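Everything on this sheet refers to the single structure shown next.
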Amino acid sequence: MWWIPGGIRPNRQPDGNSVAFDAPQGFVVVDTGRHAWHRESILALAREQERPIVAVVNTHWHLDHVSGNPAVRREYPGLRVYASSAIDGALADFFPASAKESAQYVDDPEVPAEMREDIRGDLQSIEDGKALRPDVVIEKSGTVTLGGRSFTVNLARNAATAGDVWLYDADARVAVLGDLVTLPAPFMDTACPRGWQAALDEIAQAPFVTAIPGHGSPMSPQQFNSYRTAFAAFVECAGSTRAAGACASEWTGAVRPLLGEDPAQAERARGMASYYTEMLRANGGRSKYCAAGAR
2 MWWIPGGIRP NRQPDGNSVA FDAPQGFVVV DTGRHAWHRE SILALAREQE
52 RPIVAVVNTH WHLDHVSGNP AVRREYPGLR VYASSAIDGA LADFFPASAK
102 ESAQYVDDPE VPAEMREDIR GDLQSIEDGK ALRPDVVIEK SGTVTLGGRS
152 FTVNLARNAA TAGDVWLYDA DARVAVLGDL VTLPAPFMDT ACPRGWQAAL
202 DEIAQAPFVT AIPGHGSPMS PQQFNSYRTA FAAFVECAGS TRAAGACASE
252 WTGAVRPLLG EDPAQAERAR GMASYYTEML RANGGRSKYC AAGAR
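Now the structure itself:
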């Protein structure tokens, strides 16, 4: 198994983590990132190991996890993409709204050139959004054989998105979680916080020794449970009348041991948590893209 780290370069949009499992028939890749350099790392691994990529599993439809799908498919046209159907809703609402908002910045000289390049790339991915749809829709949790290797594929509805997929590999005792775990803060843009918390509680029951988040470094079970506890407290604080800054500081203090050595990460955590607290409050405790009736 290989971990291909995501990250955020200066003035750039993020890439999510990717994972490649070696199966009897070839590689099973979880998520394909946003930028050319990230997907090239995936393709370089396959070439170096002389193994084809036979399957891609998308944990969710955010562009920093799926934008590499078409390029990987061009290199390995026989592969199959597995994901939930939640991208259909994104094609109808989130993507058009995002494209409309982003387009105004493409020619803005106040926006760094690298960020404008990323915006153009995202707009192209949105325009070709149907190419990001899965070949096989994951409709429920269960055991699935991909490339000759068995995985437990789990579907969490109304969590970080309307349909998040996370994998458990019993041989390696690894759980690949996508954006059900993100650092330096939970990315709430499309979230239903209560459903997300329920998904974290379910993950805690899996006998993993390593959990790989959508953003951030691999975690032990103890570190995952620290995140889960901090998440629950953050959602509770966001639903209270406490100052947003207090919720952000509480979050940052709780996850500080998970943020690594970069001191800027704590400031990012505080800023993002404050922003998401205000966002949740403006939308009744959830994102505006959380399905009606879900929390």
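Sequential numbering from 2 applies to the sequence shown in the numbering used here.
Think of the CB as a built atom: it goes at the ideal place given N, C-alpha and C, for glycine as much as any other residue.
On a predicted model such as this, the values are computed, not experimentally measured, just so you know.
Would residue i be called buried (16 or more neighbouring beta carbons within 10 Å of its own) or exposed?
i, result
"Thr230", "exposed"
"Ser241", "exposed"
"Gly285", "exposed"
"Val210", "exposed"
"Lys97", "Before going further, note that residue 97 is Pro rather than Lys in the sequence given. It is exposed - the Cβ of Pro97 has fewer than 16 other Cβ atoms within 10 Å."
"Thr253", "buried"
"Asp136", "exposed"
"Asp170", "buried"
"Ile9", "exposed"
"Ala1", "Given that the chain is displayed from residue 2 to residue 296, the structure contains no residue 1 and the question cannot be resolved."
"Asp16", "buried"
"Ala37", "exposed"
"Ala47", "buried"
"Arg40", "buried"
"Gly79", "exposed"
"Pro113", "exposed"
"Gly217", "buried"
Among the residues of its own chain, which have a CB less than 7 Å from the CB of residue i, if the five just before and after it don't count?
i, result
"Arg150", "Phe22, Ala24, Pro25 and Val29"
"Ala163", "Ala87, Gly90 and Ala292"
"Arg121", "Val107"
"Val1", "There is no way to answer for residue 1, as the model of the chain reaches only from 2 to 296."
"Pro6", "Asn18"
"Asp119", "Arg13 and Gln14"
Identify the continuous beta strand (DSSP E) that holds residue i and give its terminal residues.
i, result
"Asp65", "No beta strand (DSSP E) contains Asp65, which is instead part of the alpha helix (DSSP H) from Leu64 to Val67."
"Val73", "Run containing Val73: none in the beta strand (DSSP E); it sits in the alpha helix (DSSP H), Asn70 to Glu76."
"Ser19", "Ser19 to Ala24"
"Ala56", "Ile54 to Val58"
"Gly27", "Gly27 to Val31"
"Tyr83", "Arg81 to Ala84"
"Ile9", "Unbroken run through Ile9: none, as it is neither H nor E."
Between residue i and residue j, is the Cβ-Cβ spacing less than 8 Å?
i, j, result
"Asp180", "Gly215", "yes"
"Val57", "Val82", "yes"
"Ile213", "Asn59", "no"
"Ala295", "Phe235", "no"
"Leu259", "Gln224", "yes"
"Ala304", "Trp197", "Since the first and last residues shown for the chain are 2 and 296, residue 304 lies out of range."
"Arg13", "Glu115", "yes"
"Ser68", "Arg35", "yes"
"Leu281", "Ala239", "yes"
"Ala192", "Arg287", "yes"
"Val73", "Leu92", "no"
"Val175", "Val31", "no"
"Met2", "Ala173", "yes"
"Phe95", "Tyr228", "no"
"Trp4", "Pro219", "yes"
"Ala157", "Ala200", "yes"
"Ala265", "Arg257", "no"
Which residue comes first and which comes last in the alpha helix (DSSP H) that contains residue i?
i, result
"Pro214", "First-last for Pro214: Thr211 to His216, but that is the beta strand (DSSP E), not the alpha helix (DSSP H)."
"Ala292", "Taken as a continuous stretch (DSSP letters only), Ala292 belongs to no alpha helix (DSSP H), as it is neither H nor E."
"Val112", "Segment: none, Val112 is in no alpha helix (DSSP H) and carries neither H nor E."
"Ala267", "Ala265 to Ala283"
"Ile88", "Ile88 to Ala93"
"Gln223", "Pro222 to Ala239"
"Val107", "Val107 -> no alpha helix (DSSP H), and no H or E assigned at all."
"His39", "Ala37 to Gln50"
"Thr253", "Ala245 to Val256"
Please work out which residues of its chain come closer than 6 Å, Cβ to Cβ, to residue i, disregarding the five sequence neighbours upstream and downstream, and give them in chain order.
i, result
"Leu64", "Arg35, Asp123 and Ser126"
"Pro53", "Gly27 and Tyr77"
"Thr278", "Ala239, Ala245 and Cys248"
"Ala132", "Pro71"
"Leu147", "Val29 and Ala56"
"Ser221", "none"
"Ala100", "Leu124 and Ile127"
"Arg195", "Arg296"
Just to confirm, does residue i get its C-beta within under 7 Å of one of the non-hydrogen atoms of the ligand COA?
i, result
"Pro185", "With respect to the ligand COA, the structure offers nothing, as it holds no ligand at all."
Would you say residue i lies against chain B (beta-carbon separation less than 8 Å)?
i, result
"Ala56", "No chain B is present in this structure, which holds just one protein chain."
Give me, in chain order, the residues of the same chain whose beta-carbon lies closer than 8 Å to that of residue i; leave out the 5 immediate sequence neighbours on both sides.
i, result
"Glu251", "Ala234, Phe235 and Cys238"
"Glu203", "Asn155 and Ala157"
"Arg269", "Pro185 and Ala186"
Exercise. What runs of the alpha helix (DSSP H), each 4 residues or longer, lie entirely inside the segment 119-207?
Worked result: Taken in chain order, the complete alpha helix (DSSP H) segments of 4 residues or longer contained in the segment 119-207 are 194-204.
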